[in-house]
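Residue 1145 is where the sequence shown starts when you use this note's numbering, and the numbers rise one by one after that.
For every residue, glycine included, the Cβ atom is placed at its ideal position computed from N, Cα and C.
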Amino acid sequence: MRKLANLIETELKKEEVCAVYNSQLARVWPRNMSLGKRKQQIKHFAKQHELAVTFYDVGLCAIFEKAHAPARGPRRMLLLEEHEE
């Protein structure tokens, strides 16, 4: 797991995101593990290393990026409505 963390850390020094594909993920989280459990453990790993993670399910690809500080103050939402003419 330390090797994976180092790989991601090194990549994030050069790029905004680091894609880790199924073959690399399987070294830490085996493919015979349920998809839900794998994702849960990968999310936990990301949180431990202060990373954000997004999944792409085609072959399972995890995109890691530096976690951003949570927004302060009230959340703003822009609602887009369709206008009929």
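Apply the 10 Å Cβ neighbour rule to residue i and answer buried if 16 or more other Cβ atoms are within range, or exposed otherwise.
i       : result
Arg1182 : buried
Ala1206 : buried
Leu1204 : buried
Leu1179 : exposed
Tell me which same chain residues have a C-beta within less than 7 Å of the C-beta of residue i, skipping the five on either side of it?
i       : result
Ala1149 : His1193
Leu1224 : Its pLDDT being 48, under 50, Leu1224 is placed unreliably by the model, and nothing is read from it.
Closest to residue i by CA distance: which of the options is it?
i       : options                               : result
His1188 : Glu1160, Asn1166 and Val1172          : Val1172
Asp1201 : Arg1175, Glu1155 and Glu1159          : Arg1175
Glu1209 : Arg1146, Val1164, Met1145 and Lys1147 : Val1164
Excluding the five sequence neighbours on either side, which residues of its own chain have a C-beta within less than 8 Å of the C-beta of residue i, listed in chain order?
i       : result
Ala1196 : Ala1190, Phe1208, Glu1209, Lys1210, Ala1211 and His1212
Asn1166 : Arg1175, Gly1203, Leu1204 and Cys1205
In chain order, what residues of the same chain have a beta carbon less than 6 Å from the beta carbon of residue i, not counting five sequence neighbours either side?
i       : result
Gln1185 : Trp1173
For a cutoff of 9 Å on Cβ pairs, would you count residue i as touching chain C?
i       : result
Val1197 : Chain labels in this structure do not include chain C; a single protein chain is all it has.
Check the DSSP bridge columns for residue i and list the partner residues they point to.
i       : result
Arg1207 : Before going further, note that residue 1207 is Ile rather than Arg in the sequence given. Note: Ile1207 sits in a beta bridge opposite Ala1163 and Thr1198.
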